[in-house]
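Add 32 to the 1-based position in the sequence shown for our numbering, that's all there is to it.
Right, one structure below, let's go through it.
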Amino acid sequence: MFYELTAPTWGDEEIAALQRVVASGRFTMADEVAAFEREFAAYFDMPYGVMVNSGSSANLASVAALFYKADRPLVPGDEVIVPAISWATTYHPLQQYGLKLRVVDVDLDTLNIDVRQLETALTPRTRMIVPVSILGNPAHLEEIRDFADHHGLYVFEDNCESMDASINGRKTGTFGELNSFSFFFSHHISTMEGGMVLTADRELYHLVKSLRAHGWTRDLPADSPLYKRWPNQHFEQYRFILPGYNLRPLEFSGATGREQLKKLPAMTAVRRQNHALFRSLFEGDERFIIQKEHGTSSAFSFTIILNPAKGLDREAVFAALREADIGFRVITGGCFTRHDVVRYYDYETVGDLPNANLAHDAGFFVGNHAFDLTPQLQKLRAVLDQACV
Ligand SMILES: Cc1ncc(COP(=O)(O)O)c(C=O)c1O
């Protein structure tokens, strides 16, 4: 394809890492995963990282952990403020744990939650905000953190789309009590499947570790705040303290993650160069609404919403993109409340969600990759120029 939505980021180093694991004979979660957790957490200047088998699992373990905190746990029926645009598995764990969603529209410029509506979304039952930085562009995380602190709310940051983005020098994925990352194939770094939870809270760290592996105590140190060791080693070996899952990653994912992490700064730099070119090609053209950078984006991909005032035909644009061999797709998951699955949710929207609906009906995104996209972006510009008359 001339301009793909996604592109591989693996090279010889990742293949060598796979072979290192093969040679070790240990394929299930062990030293490589532990090393990757330490290295990843250090990169984000956070004390604790727990690797899991996907970003979705990182979300599940994070939400679950908040239900088992000793102090002020979440309980079913609590309300959570969420943006109208995100991926389905940002929301599903919230539904699975019996939380009620207050769905807030996105800001049309950034495509992130419109923080001006937080006050309206707040009720006496609100316990948590789930900000999501969409497609590399940081949400207004400083304002969200302040608002949450002021009202005694948890922040769970789904940062699966914005690894290596930052605001005033602080990386996204560090603003929440819990923060999730995805290493799926198409993401900033890839372990093919994989995810991570970062936290600065020792109790939450231990909860996520236990929830990742059957809810047992095996991976927890002797001085864990979650339980008191039994003297009987026989029973202690198979001791379950939480209704957990098996979300463990493979050693292969830990090993490839370590190699990918080394390449992340250079890959981000190239993606940002592509982003600068994209902006220079499209900024100021009133036909197209493009994502406005807040803080420093890690440029996951490039969004385009056809300006409704210009009477453009998205189907004609799609046909032209197909003809030009340019990949495109819906912006993340579109407006979440437009999906059939919401029939299973307890939710309310805060207002009518006009911006999320516009992104759903008139938007799309094209890929960004860790190599120079000058020819691809120039062709995109030419194709859209022709199709948008
Ligand atoms: C915002 C967001 N959260 C969660 C996920 C889930 O990540 P994974 O595909 O690793 O399960 C994605 C996936 O793209 C995502 O975009």
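Every residue gets a Cβ at the ideal spot worked out from N, C-alpha and C, and that includes glycine.
The structure presented is a predicted model; accordingly, all values stated were derived computationally and were not measured.
If you check the C-beta of G383 against ligand 1, you find no heavy atom less than 6 angstroms away. A straight line joining the alpha-carbon of F368 with that of F215 spans about 22 angstroms. The C-beta of N264 has fewer than 16 other C-beta atoms within 10 Å across all chains shown, which makes the residue exposed. Around the beta-carbon of G227, 16 or more other beta-carbon atoms lie within 10 Å, marking it buried.
With a threshold of 6 angstroms, the Cβ atom of D255 does not count as near ligand 1, since no heavy atom of the ligand is closer than that. By the neighbour-count criterion, in which 16 or more other beta carbons inside 10 Å mark a residue as buried, A254 falls on the exposed side. Pairing D103 with E71, the inter-Cα distance amounts to about 30 angstroms. The three-state reading of DSSP puts A245 in strand, counting E and B together. Straight-line spacing of the CA atoms in P297 and F267 works out to 46 angstroms.
A308 and M83 have their C-alpha atoms some 32 angstroms from each other. In the DSSP assignment, V65 falls within the unbroken alpha helix (DSSP H) covering 63-75.
In the DSSP annotation of this structure, the continuous segment of the beta strand (DSSP E) that includes F213 starts and ends at 210-214. The C-alpha of A116 is placed about 7 angstroms away from the C-alpha of I145. In the three-state reduction of the DSSP assignment, T121 falls in the helix class, which pools H, G and I.
In the structure shown, P79 adopts coil according to DSSP, grouped into three states. Per DSSP, the continuous alpha helix (DSSP H) segment holding P407 begins and ends at 406-419. When rounded, the separation of the alpha-carbon atoms in D378 and V162 is 16 angstroms.
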